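Enquirer:
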Amino acid sequence: EAMTEEQATDALVELFNILVGKSYNVTRPEAILRTNWASYPYTLGSYSHRTVASDSRNLSNSDLAESILDENNKPVLLFAGEATHPHYYSTVHGALDTGRREANKLIDYFTS
214 EAMTEEQATD ALVELFNILV GKSYNVTRPE AILRTNWASY PYTLGSYSHR
264 TVASDSRNLS NSDLAESILD ENNKPVLLFA GEATHPHYYS TVHGALDTGR
314 REANKLIDYF TS
């Protein structure tokens, strides 16, 4: 987060060249979009974690993922995010996986 946009872009281009530079011509992006997660005042770099209290109540991450349905079983509110993943909480791939999970629930609902 302490890097300027220019420094961050340089670092990304260097990393991409290391990873795929032999197979692809890596061009410098015109702009990048990034977050300042650790210094954002509403999160300060936080992530979810299991607590002794939740374990003592037999609560799981899957409990957080339970959709709210209306009287016709239509999904009204769905929950995704790393905190709802049964195994990969506190990770980016857990967040991505749960986003796909909830999107698939909507696809299944609206195509059946």
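When we follow my numbering, the leftmost residue of the sequence shown carries the number 214, and every step to the right adds one. Note that beta-carbon positions come from the ideal geometry of N, C-alpha and C, so glycine has one too. Here the structure is a predicted model, which means the values were calculated and not measured.
#1: Alpha carbon to alpha carbon, what distance is there between Pro254 and Ile245?
#2: State buried or exposed for Tyr302, treating a residue as buried only when at least 16 other CB atoms are found within 10 Å of its CB.
#3: Quick check on the DSSP output: the beta strand (DSSP E) that includes Leu290 runs from which residue to which?
#4: Nearest by alpha-carbon distance to Leu282: which of Asn274, Glu218 and Phe292 is it?
#5: Alpha carbon to alpha carbon, how far is Gln220 from Ser267?
#6: Ends of the alpha helix (DSSP H) at Ala316?
Expert: This is what the structure gives:
#1: Looking at the backbone, the Cα of Ile245 and that of Pro254 are separated by about 22 Å.
#2: buried
#3: From DSSP, the beta strand (DSSP E) with Leu290 extends over Pro288 to Leu290.
#4: Phe292
#5: The straight-line gap from Cα to Cα measures roughly 42 Å.
#6: Val305 to Thr324
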